[in-house]
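Novice: End of the sequence shown = 487 in the numbering used here, gap-free, step of one. Ideal Cβ placement from N, Cα and C applies to all residues, glycine included.
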Amino acid sequence: MTIVRALSVVGVVLGLLGLWLRFSRSPLPQAAAAPLPVRTAGQAATAPAGATAAPRYEAIVAANIFSQTRTAPLVRFAPAGRAVRGTASASRRPPLKLYGITVGPQGAVALIDADPKIPGAEIYRVGDLVAGAPLVAITDSTVTLAQPSGPLILRLPSGDRNRP
Numbered sequence: 324m325t326i327v328r329a330l331s332v333v334g335v336v337l338g339l340l341g342l343w344l345r346f347s348r349s350p351l352p353q354a355a356a357a358p359l360p361v362r363t364a365g366q367a368a369t370a371p372a373g374a375t376a377a378p379r380y381e382a383i384v385a386a387n388i389f390s391q392t393r394t395a396p397l398v399r400f401a402p403a404g405r406a407v408r409g410t411a412s413a414s415r416r417p418p419l420k421l422y423g424i425t426v427g428p429q430g431a432v433a434l435i436d437a438d439p440k441i442p443g444a445e446i447y448r449v450g451d452l453v454a455g456a457p458l459v460a461i462t463d464s465t466v467t468l469a470q471p472s473g474p475l476i477l478r479l480p481s482g483d484r485n486r487p
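The following block contains the structure:
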């Protein structure tokens, strides 16, 4: 009986210790933070000798990057010291847009706007050339084109994105 009593006492002590650890607040670690130098609006920034002036980013920070009226910049941003890759050529093909997919008695067909000379979308079947790439597969929501650089998958736009 003494072993049972000793185990009961140990259980009660461990339970109380667990409750104390659970509900006691542990001290948070303290980090010594050095104050940052704060510039005022009228104070000019001092740069080390030989350093180039930093570009002004206030216009970027103040702009609403999620605005619906926002357009792409004319020139891609390249940080100072980085090599600028070749710019996009003017002979670039227009983007392909998948408008719809349907299945009929002659198989699946896809409505794709691929030719800028023809207004609207054109009808394509498996095996047809779309902007120089053969159409290899049509599923219920995607069309796959076999391009030399790898497969290009066109997806139908989600219906909930078009609703206001």
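(1) Do Ala469 and Pro457 have their C-beta atoms within less than 8 Å of each other?
(2) Ile326 to Ser347, Cα distance in whole Å?
(3) Distance, Cα to Cα, Leu397 vs Gly423?
(4) In the DSSP assignment, the alpha helix (DSSP H) including Leu339 goes from what residue to what residue?
(5) If you drop the 5 nearest sequence neighbours on each side, which residues of the same chain put their C-beta closer than 8 Å to that of Leu419?
(6) Just to confirm the assignment, what range does the beta strand (DSSP E) spanning Ala433 have?
(7) Could you check which residue in Ala433, Ala385, Pro360 has the C-alpha nearest to that of Ile446?
(8) Closest by CA to Val466, which one among Ile441, Leu421, Gly430, Gly473?
(9) Measuring straight from C-alpha to C-alpha, what distance separates Val333 and Ser349?
(10) Do you know whose CA, among Gly450, Pro360, Pro352, lies nearest Gly430's CA?
Specialist: In brief:
(1) yes
(2) 31 Å
(3) 32 Å
(4) 325-346
(5) Ile435, Asp436, Ala437, Val453, Ala454, Leu468, Leu475, Leu477
(6) 430-436
(7) Ala433
(8) Leu421
(9) 24 Å
(10) Gly450
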